[in-house]
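Numbering-wise, the sequence shown is residues -17 to -1, 1 to 229 according to mature numbering (1 follows the signal peptide of the UniProt record, and there is no 0).
Think of the CB as a built atom: it goes at the ideal place given N, C-alpha and C, for glycine as much as any other residue.
Let me begin by presenting the structure, written as structure tokens, before commenting on it.
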Amino acid sequence: MRHLILPLLLALSAAWATPVQLRAPDGLTLHAEATPAAQPGAARPWGAVLLLHSAARNRHELDAVARRLAQEGYASLALDQRSGGEYGGHPNLTAQGLGQRVLTGADELADLEVALGWLRRRYPGRPLFALGSGRSATLLFGLAAKQPGLAGILAFSPNPSDLPDLDALAAARHVRVPVFVTSENGPYAVETAGNFLHAAQSARKVQYVPPGFGLPGAQSLDPAAMDGPEASEEYWRALLRFLRAR
């Protein structure tokens, strides 16, 4: 029976995903999508995760991640960040409203704090995590340095060169929340992710290095993008161990 119920709950969760609009400190409208946990008592999920897409993309890059998290009992908020563009046939609604604003890392961090505040109000008392892909993974270290109440960050392919106006490795030295880093399995990507892990001052630090095939950023969590579902599932097992180790 369970194998029939879970897909039904997952489909319902996707149907319940709702658009959210937030206001950035500079007045920009931030567009996002909230997905509840697909379980009885979903108002009290195991936790809630802020989902942050790769550069030049939008929140729909992480649709499959939001659905899987819902199945595992985690709510999420996927944000269209001001650094982004069209992806998967969808526009980045936040980026469309930028107008003449100059893109800065400081403004991006402020947006993430607004989104976290929404999750905190929506799910009071629940553990809050943030998951970033590529450029957004690098941003997470600046966010975590300013948000010591986070239950953890999950950084997929962070790279300091992604944020020339922010010293992300310096920010990592002020991070004390639990940290999970991963990447594709190339030596440079593994070393770069490891540099962030070593810089962080966290008591709990995890680096997952895939034994075989991997992709940059959070693409590795999407079975459709990977070389078969088992390769993606290896990433998921590592991610879920981190989320649940509280």
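Enumerate, from N- to C-terminal direction, the unbroken beta strand (DSSP E) stretches of 3 or more residues contained entirely within the region 132 to 180.
Those beta strand (DSSP E) runs which fall completely within the region 132 to 180 and span 3+ residues are 135 to 139, 162 to 165.
Let me confirm a value: residue 119 is counted as buried when at least 16 other C-beta atoms fall within 10 Å, else exposed. Which label applies?
Burial call: buried.
Contact the region 65 to 72 vs the region 49 to 56: 3+ CB pairs below 8 Å
With a cut-off of 8 Å, the region 49 to 56 and the region 65 to 72 do not count as touching, because too few Cβ pairs lie within range.
Short of 7 Å in beta carbon distance, which residues of its chain neighbour residue 154, apart from the five on each side in sequence? Order them along the chain.
Only residues of its own chain outside the window of five on either side were considered, and among them 124, 125, 128 have a CB closer than 7 Å to the CB of residue 154, listed in chain order.
Can the beta-carbon of residue 163 be found closer than 8 Å to that of residue 135?
yes
Determine the burial state of residue 12: buried for a count of at least 16 other Cβ atoms within 10 Å of its Cβ, exposed for fewer.
exposed
Are residue 116 and residue 144 close, meaning C-beta to C-beta below 8 Å?
no
Give the secondary structure of residue 55 by DSSP, where H, G and I count as helix, E and B as strand, and everything else as coil.
coil
Can you find the residues in the same chain that come closer than 8 Å, C-beta to C-beta, to residue 86, ignoring five residues on each side of it along the sequence?
65, 66
Could you work out which residue in 51, 167, 15, 74 is closest to residue 98 when comparing CA atoms only?
Of the listed residues, the one whose Cα sits closest to residue 98 is 15.
Considering Cα atoms alone, identify which of 105, 34, 9 is closest to residue 84.
9
Buried versus exposed call for residue 167 [16 or more other C-beta atoms within 10 Å across all chains shown]
buried
Let me confirm a value: residue 42 is counted as buried when at least 16 other C-beta atoms fall within 10 Å, else exposed. Which label applies?
buried
List the whole-angstrom C-beta distance separating residue 76 from residue 33, where the pair is believed to meet the contact cut-off of C-beta under 8 Å.
Going by Cβ atoms, the distance from residue 76 to residue 33 rounds to 17 Å, so no, they are not a contact pair.
Here's a check: name, in chain order, each residue in its chain whose Cβ is nearer than 7 Å to the Cβ of residue 45, leaving out the five neighbours to either side.
34, 36, 61, 201
Mind pulling the alpha helix (DSSP H) runs of 4 or more residues that sit fully within the region 73 to 118?
Note on the region 73 to 118: whole alpha helix (DSSP H) runs with a minimum of 4 residues are 76 to 79, 88 to 105, in chain order.
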